[in-house]
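Under my numbering, the first residue of the sequence shown carries the number 27, and numbering increases by one thereafter.
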Amino acid sequence: MGIYKQPAKWECGPFALKHALLMRGVIASEREIARLAGTSPDGTDEKQLERAAAHYGCQLPTIRKYESDTARDELTAHLRGG
Numbered sequence: 027m028g029i030y031k032q033p034a035k036w037e038c039g040p041f042a043l044k045h046a047l048l049m050r051g052v053i054a055s056e057r058e059i060a061r062l063a064g065t066s067p068d069g070t071d072e073k074q075l076e077r078a079a080a081h082y083g084c085q086l087p088t089i090r091k092y093e094s095d096t097a098r099d100e101l102t103a104h105l106r107g108g
């Protein structure tokens, strides 16, 4: 259960969540995350990914920003908050 390159382009959501969970000490299979999130070759809907995160006891808030500076500032503030 290590960190390795995702085999398919459309699996980025489950792989990102897998690595975030790993940083929190939660070991989860990207295949199980993909199943929980309903991932398909079309990708993963962010709300479905949020539900998959909740399955592992984590919150995955959806935040939309349209300006890169604003997005970076919001992400930085969120990460600093723990």
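Cβ atoms here follow ideal geometry from the backbone N, Cα and C, with glycine treated the same way.
**Prompt:** For the candidate residues Glu56, Lys35, Ile29, whose alpha-carbon lies nearest to that of Pro67?
**Reply:** Selected option, being the one with the closest Cα: Lys35.
Open item on the list: I'd like to check one pair, Ala54 with Tyr13: are the Cβ atoms closer than 8 angstroms?
Closed with: Residue 13 lies beyond the residue range present for the chain, which begins at 27 and ends at 108; the question has no answer from this structure.
Practice prompt. Under 6 angstroms Cβ to Cβ from Pro87, same chain only, skipping five residues before and after it: list those, please.
Written response: none
*Between the Cα of Cys38 and the Cα atoms of Asp99, Arg77, Glu72, Val52, which residue gives the shortest distance?*
Per the Cα distances, Glu72.
*asked:* To the nearest angstrom, how far is the alpha carbon of Cys84 from that of Arg77?
replied: Counting only the Cα atoms, Arg77 lies some 9 angstroms from Cys84.
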